[in-house]
Amino acid sequence: MSANFSFIEEATSAPRNSTYDYIIVGGGTAGCAVGATLSSKANVLVLERGGSPYSNTTKIRKESFISTLTDTSPDSFSQAFISEDGVPNNRARVLGGGTAINVGFYSRAEPLFIRQLGLDEALVEDSYKWVERKLVYRPNLLQWQSAVRNGLLEAGVLPYNGFTYHHINGTEIGGTILDRNGNRHTAADLLDGIGPTSQLEPLGIEVVLNQTMVGQGMGDPPSNGLLIPSPLPIELTLATTVGITKFGSYIESACGYDFAALYGSASQTQTQTLPNDLTAAFNKTGESSMANPITNLGNILETIRGPISKGYLELRNTNASDNPKVTFNYFQAPEDLRRCVQGMETLINVVNSKSFSPFRYRNTTTQDLLNMVLNQRLNHRNSTVTSLEQFCRDTVNTLWHYHGGCLVGNVVDRDYKVFGVESLRVIDASTFSFSPGTNPQATVMMLGRYMAIRILESRRR
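Adding 13 to a residue's 1-based position in the sequence shown gives its number in the working numbering.
Spelled out as structure tokens, the structure:
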């Protein structure tokens, strides 16, 4: 454990009687920001179900992104679950939550998001800057990411906005964070006895408040993309470049990882060659060097604004370690599917651009790339892509930007206080009606800082 985090203790060794000004349940993205701010003026206890990311710092290094995300051991930092839609997903199980395991892209929310929440814009700005001073840096742009940037510009994702934390239409280089803060799930709110009586009573949970809107309005922006085997050596990089289209699709890329491990038919351990079915798919194209290391794969993907499609969360049982039942209803709204198709069309234009051509095998067609991704899925219904609508539905993935379940106006008020309950607030992505920015983690941390300052201000009054 880092010496700077010697204050971390096992909860089982805590004294039986202690008094705190504030107790924070969940040391995730918002929880760490709230705790850090409140503790400057008050006595604070932060409770986190997972361990410390500094117990094994190898797991939070950039090169460990895939292996940490796919680790299924009991003490892993990432807890896998499969939504009722059949899409694999993950939730953080470590102090710092999602920021210990995620892609790390840093992007502020669009102004519309801030206005809809009725937040004070000056305090929002100060809170973002507080996060940025402590955790965020400007990434270096190497050959693959540079080709993606130039390909986006060729594909018409304009203008070029350079390096910025702001979420603006066009192509930009965003900030990045690979640090210790993260996100938590809303199942804890249900287990506390606040939720729909129809769910809680059959599980033997005493109902404190019959709050039927807990767990409603769940959303997860669907993601689709292509795996690109490269004839050239490529760097190890997570997302730093993003194309923000006018029609509501965001295009980004990473490379140098075992991305096949995130698909159904690939091994979840690092291998030295492409999986057999991936190799076979490319052998059909006449390429001669299909034994490339798996790390010579790049992934270009798109996700969409929103989404409009909404689902819900329900408890399976009273075991807090078990995953709840989550349904996201991907592409239930036609507009979400339209955005996916337009995003894939733009993504394909990037892959076919002159700027990106050095990273393409010359005989590999777009159809080959589409079919290869389709056939990596264990549950695919087709072996050939006949339309991008079909491709979007058959290959839908997550970018782990799920949100909702404790929406402002339904479960909490604009001060994030739970309706009908004293001294309880919810401050995390479960209060969001859509995913802000390219990646929500910046706004979750901002909100934690923002609300903690508000709480301290009210305490002084």
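Beta carbons: idealized from backbone N, C-alpha and C, even for Gly. Computed from a prediction, not measured in an experiment: that's the story for all the values here.
Are the CB atoms of T254 and I181 nearer to each other than 7 Å? Residue mapping note: residue 254 aligns to position 241 of the sequence shown, counting from 1. Residue mapping note: residue 181 aligns to position 168 of the sequence shown, counting from 1. With contacts defined as CB atoms closer than 7 Å, T254 and I181 fail to qualify as a contacting pair.
Is the number of C-beta pairs between the segment 105-113 and the segment 39-51 that are closer than 8 Å three or more? Contact holds between the segment 105-113 and the segment 39-51, because three or more Cβ pairs, one in each stretch, are under 8 Å apart.
Report the residue from S448, A113, R473, D441 whose alpha carbon sits nearest the alpha carbon of V38. Reading the sequence shown from its first residue, position 25 is the one you call residue 38. For the options S448, A113, R473, D441, the alpha carbon positioned closest to that of V38 is the one of D441.
Can you give the Cα-Cα distance for L132 and L460, rounded to whole angstroms? Here residue 132 corresponds to residue number 119 of the sequence shown, with the count starting at 1. Here residue 460 corresponds to residue number 447 of the sequence shown, with the count starting at 1. Straight-line Cα distance between these residues: approximately 9 Å.
Proximity of Y119 and A455 at Cβ, strictly below 7 Å: Position 106 of the sequence shown, counting from 1, holds the residue named residue 119. Position 442 of the sequence shown, counting from 1, holds the residue named residue 455. Closer than 7 Å, so yes.
What would DSSP say about Y178, mapped onto helix, strand or coil? Along the sequence shown, read from residue 1 onward, the residue named residue 178 stands at position 165. In the structure shown, Y178 sits in coil (DSSP, three-state: anything other than H, G, I, E or B).
With a threshold of 8 Å on Cβ separation, who are the neighbours of T50 within its own chain once the five nearest residues in sequence on each side are excluded? By one-based count along the sequence shown, residue 50 stands at place 37. Counting only Cβ-Cβ distances below 8 Å, and skipping sequence neighbours, we find G461, R462, A465, I466, L469.
Drop a sphere of 10 angstroms on the beta-carbon of T359, count the other beta-carbons inside from all chains shown, and report buried for 16 or more, exposed for fewer. Looking up residue 359 in the sequence shown gives position 346. T359 comes out buried.
Exposure of S370, with buried meaning 16 or more beta-carbon neighbours within 10 Å: Stepping through the sequence shown from its first residue, residue 370 is reached at position 357. Burial state of S370 is exposed, judged by a 10 Å Cβ sphere holding fewer than 16 other Cβ atoms.
What beta strand (DSSP E) runs, 3 residues minimum, are completely inside the segment 66-145? DSSP runs (the beta strand (DSSP E)) wholly in the segment 66-145: 91-95, 101-105.
Helix, strand or coil for I468 per DSSP? On the sequence shown, position 455 is the one that residue 468 refers to. Note: I468 maps to helix in three-state DSSP.
Please return the same chain residues whose Cβ sits closer than 7 Å to the Cβ of G238, not counting the five positions on each side in sequence. Here the question's residue 238 lines up with position 225 in the sequence shown. Once the five neighbours on either side are set aside, the close Cβ partners of G238 are N312, I313, L314, E315, L360.
Segment contact flag, the segment 243-250 with the segment 329-347, C-beta cutoff 8 Å, min 3 pairs: Segments in contact, no.
Inter-residue spacing [alpha-carbon to alpha-carbon] between Q389 and T397: Taking the sequence shown and counting its residues from 1, one reaches residue 389 at position 376. Taking the sequence shown and counting its residues from 1, one reaches residue 397 at position 384. Cα-Cα distance, rounded: 12 Å.
Between which residues of its own chain and S280 is the CB-CB distance below 6 Å, once the five residues before and five after are set aside? Position 267 of the sequence shown, counted from the first residue, corresponds to residue 280. Its pLDDT being 35, under 50, S280 is placed unreliably by the model, and nothing is read from it.
Counting pairs of Cβ atoms below 8 Å between the segment 377-385 and the segment 345-352, do you hit three or more? No: fewer than three Cβ pairs fall under 8 Å.
Checking 7 Å against the spacing of the C-beta atoms, do S368 and N163 come in under that value? The residue you call residue 368 lines up with position 355 of the sequence shown. The residue you call residue 163 lines up with position 150 of the sequence shown. Taking 7 Å as the Cβ cut-off, S368 and N163 qualify as a contacting pair.
Limits of the unbroken alpha helix (DSSP H) element including G422: Sequence index remark: in the sequence shown, residue 422 carries index 409 (1-based). Careful: G422 lies outside any alpha helix (DSSP H) and carries neither H nor E.
Between S446 and the rest of its own chain, which residues show a CB-CB distance below 7 Å, the 5 nearest in sequence each way excluded? Within the sequence shown, residue 446 is the residue found at index 433, counting from 1. Excluding its 5 nearest sequence neighbours in each direction, S446 has C-beta neighbours in its own chain below 7 Å: G230, G417, L420, listed in chain order.
DSSP on E348, reduced to helix/strand/coil? Counting from 1 along the sequence shown, the entry for residue 348 is found at position 335. Three-state DSSP puts E348 in a helix.
C-beta atoms of T177 and G256 nearer than 7 Å: Residue numbering aside, residue 177 sits at position 164 when the sequence shown is read from its first letter. Residue numbering aside, residue 256 sits at position 243 when the sequence shown is read from its first letter. Their beta carbons are not under 7 Å apart, which means T177 does not touch G256 by this criterion.
Chain-order list of residues whose beta-carbon lies under 6 Å from that of P320 (same chain, five-residue window excluded): For this step, residue 320 is matched to residue 307 along the sequence shown. Its chain contains G232, P234, D349 as the residues whose beta carbon lies nearer than 6 Å to that of P320, once the 5 sequence neighbours on both sides are disregarded; these appear in chain order.
Can you tell me the Cα-Cα spacing of N115 and S436, whole angstroms? The sequence position of residue 115 within the sequence shown is 102, counting from 1. The sequence position of residue 436 within the sequence shown is 423, counting from 1. Distance between the alpha carbons of N115 and S436 is about 31 Å.
Any idea what DSSP makes of L376, helix, strand or coil? As a working mapping, residue 376 is identified with position 363 in the sequence shown. A quick correction: the sequence has Asn, not Leu, at residue 376. Coil, per DSSP.
Does the Cβ of K75 have 16 or more other Cβ atoms within 10 Å, making it buried, or fewer, making it exposed? For the purposes of this step, residue 75 is taken as residue 62 along the sequence shown, with counting starting at 1. By the 10 Å Cβ count, K75 comes out exposed.
Beta-carbon proximity list for I21, same chain, < 6 Å, skipping 5 on both sides: Counted from its first residue, the sequence shown places residue 21 at position 8. If we look at I21 and ignore the five residues flanking it on each side, its Cβ neighbours are S65.
State yes or no: is the C-beta of S262 within less than 7 Å of the C-beta of G356? As a position in the sequence shown, residue 262 is number 249, starting the count at 1. As a position in the sequence shown, residue 356 is number 343, starting the count at 1. For the 7 Å CB-CB criterion, S262 and G356 form a contact.
Return the CA-CA distance between P152 and D271, expressed in angstroms with no decimal places. Position 139 of the sequence shown, counted from the first residue, corresponds to residue 152. Position 258 of the sequence shown, counted from the first residue, corresponds to residue 271. Between the alpha carbons of P152 and D271 lies a gap of roughly 21 Å.
From which residue to which residue does the beta strand (DSSP E) around Q403 run? Residue mapping note: residue 403 aligns to position 390 of the sequence shown, counting from 1. Note, Q403: premise wrong, no beta strand (DSSP E); alpha helix (DSSP H) at 401-407.
Which of the three DSSP states is assigned to M226 in this structure? On the sequence shown, residue 226 is found 213 positions in, with the first residue counted as 1. Secondary structure of M226 (DSSP, three-state): coil.
Taking the alpha-carbon positions, what's the F126 to P449 distance? Along the sequence shown, one-based indexing puts residue 126 at 113. Along the sequence shown, one-based indexing puts residue 449 at 436. One C-alpha to the other measures close to 7 Å.
By DSSP's criteria, K430 is part of a beta bridge. Which residues make up the other side? Along the sequence shown, one-based indexing puts residue 430 at 417. Assignment of beta-bridge partners to K430 by DSSP yields R438.
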